[in-house]
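Position 134, counted from 1, in the sequence shown is what numbering that gives the first Met the number 0 calls 133; the numbers after and before it change by one each time, with no gaps. We put the CB at the ideal spot given by N, CA and C, even for glycine. The block underneath contains the structure these notes are about, expressed in structure tokens.
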Amino acid sequence: MRVVVLGAGTAIPARGHSPAGLYVQAGGEHLLFDAGPGTAQRVHQAGVSLWQIDRIFLTHAHVDHCLDLVTILFALRIPQPVRKKPLAIYGPRGLTRLYRQLNAAFHRWLEPRTYRLTLNELGETTRRFHGYTITTRWMRHSTPALGYRLEVSSKRLAYSGDTDVCDNIVAIGRDADLLILECSHPDERKVAGHLTPTECGRIAAAAHCRHLALTHFYPVFQGYDIRARVRRSFHGRLTLAKDFTTLRV
Numbered sequence: 000m001r002v003v004v005l006g007a008g009t010a011i012p013a014r015g016h017s018p019a020g021l022y023v024q025a026g027g028e029h030l031l032f033d034a035g036p037g038t039a040q041r042v043h044q045a046g047v048s049l050w051q052i053d054r055i056f057l058t059h060a061h062v063d064h065c066l067d068l069v070t071i072l073f074a075l076r077i078p079q080p081v082r083k084k085p086l087a088i089y090g091p092r093g094l095t096r097l098y099r100q101l102n103a104a105f106h107r108w109l110e111p112r113t114y115r116l117t118l119n120e121l122g123e124t125t126r127r128f129h130g131y132t133i134t135t136r137w138m139r140h141s142t143p144a145l146g147y148r149l150e151v152s153s154k155r156l157a158y159s160g161d162t163d164v165c166d167n168i169v170a171i172g173r174d175a176d177l178l179i180l181e182c183s184h185p186d187e188r189k190v191a192g193h194l195t196p197t198e199c200g201r202i203a204a205a206a207h208c209r210h211l212a213l214t215h216f217y218p219v220f221q222g223y224d225i226r227a228r229v230r231r232s233f234h235g236r237l238t239l240a241k242d243f244t245t246l247r248v
């Protein structure tokens, strides 16, 4: 699996830390996990065409994780090049309502012209696709939010989206080759629904993951030693992601 962090930050502008987005090439398919503002442009900058994307998996319906659905769906209406292969979007309950509201707000300019669009609301489930499996579990956040576990042969990738500490994030990260966790705020400025560096280290240690990558950093981290806090509990490979950090699983 090839994994590119398209956005390692939040809605607050910060150099090298754009809103959430993750590109994964797995099982012969091109996948997006989350689509925060600017994701469409960063997909292009990462050397991938929007017309290649097979599926989009949203963790939750907060602006910094889903707003570029508007840009992506609008772009795919453009007649050159013509998109013909289907696009499937997955997310927690409320996904269909979100799409309808966005489409109405933009005068139905998000509707596909030349391809089939499917919307799939997920709960806790496991689904098999072309060469890989996706497992979802509910996260602990201020709105319905899913964490994802992707398995290709013997390789395992887990992505938290936004969450507070919960058993389910340990479960989807269990024995993962790569666990991508949000790390929003310092320990001293804990915000409900999000993780701190110390909490990330404890989760990674409990899950026995091999490689921990942290993302979703707020600018308040400037000058803060994130690694030292994580290393109190977790001693495996550690990456502090920036935009376009590329990882192999």
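Paired residues, beta bridge with L116 - DSSP: For the purposes of this step, residue 116 is identified with residue 117 of the sequence shown, where counting begins at 1. Per the DSSP secondary-structure output, L116 pairs in a beta bridge with L86.
Whole runs of the alpha helix (DSSP H) within the stretch 8 to 62, excluding any shorter than 4 residues: Counting only runs of 4 or more, we get 38 to 44.
Quick check: the Cα distance between R231 and A204, rounded to an integer number of angstroms? Within the sequence shown, numbered from 1, the residue matching residue 231 stands at position 232. Within the sequence shown, numbered from 1, the residue matching residue 204 stands at position 205. Rounded to whole angstroms, the gap between the alpha carbons of R231 and A204 is 10 Å.
Is the stretch 145 to 162 close to the stretch 46 to 63, with three or more CB pairs under 8 Å? When C-beta atoms of the stretch 145 to 162 are compared with those of the stretch 46 to 63, three or more pairs fall below 8 Å, so the two segments count as touching.
Could you tell me which residues DSSP pairs with H210 in its beta bridges? Here residue 210 refers to the residue found at position 211 of the sequence shown. Residue pairing by DSSP puts H210 in a beta bridge opposite R236.
How long is the line joining the alpha carbons of Y217 and T124, rounded to whole angstroms? As a position in the sequence shown, residue 217 is number 218, starting the count at 1. As a position in the sequence shown, residue 124 is number 125, starting the count at 1. Rounded to the nearest angstrom, the two C-alpha atoms are 31 Å apart.
Inter-residue Cα distance where the pair is R92 and G122: Within the sequence shown, the letter at position 93 stands for residue 92. Within the sequence shown, the letter at position 123 stands for residue 122. R92 and G122: Cα-Cα distance of roughly 7 Å.
Using the C-alpha atoms, what's the distance from R99 back to T162? Residue numbering aside, residue 162 sits at position 163 when the sequence shown is read from its first letter. Residue numbering aside, residue 99 sits at position 100 when the sequence shown is read from its first letter. Those two C-alpha atoms are separated by around 26 Å.
Within 10 angstroms of the Cβ of I249, are there 16 or more other Cβ atoms? Answer buried if so, exposed if not. Residue 249 is absent from the structure shown; the chain starts at 0 and stops at 248.
Grouping DSSP H, G and I as helix and E and B as strand, with all else coil, what is E110? On the sequence shown, position 111 is the one that residue 110 refers to. Looking at E110 - three-state DSSP - the assignment turns out to be coil, as it is neither helix nor strand.
Whose C-beta lies closer than 7 Å to the C-beta of Y131 among residues of the same chain, with five residues either side of it excluded? Taking the sequence shown and counting its residues from 1, the one referred to as residue 131 is at position 132. Closer than 7 Å at the Cβ level, and outside the excluded window around Y131, lie A25, G26, L149, E150 and V151.
Through-space distance from T197 to K189, alpha-carbon basis: If you number the sequence shown from 1, residue 189 lands on position 190. If you number the sequence shown from 1, residue 197 lands on position 198. When only Cα atoms are considered, K189 and T197 end up about 11 Å apart.
Cα-Cα separation, L30 to L109: Numbered from 1 along the sequence shown, position 31 holds the residue referred to as residue 30. Numbered from 1 along the sequence shown, position 110 holds the residue referred to as residue 109. About 20 Å.
Proximity below 8 Å, CB of S48 to CB of G35: Residue 48 sits at position 49 when you count from the first residue of the sequence shown. Residue 35 sits at position 36 when you count from the first residue of the sequence shown. Against a cut-off of 8 Å, the Cβ pair of G35 and S48 comes out as no contact.
Can the beta-carbon of D174 be found closer than 8 Å to that of H207? The residue labelled residue 174 in the question sits at position 175 within the sequence shown. The residue labelled residue 207 in the question sits at position 208 within the sequence shown. Going by C-beta atoms, D174 is nearer than 8 Å to H207.
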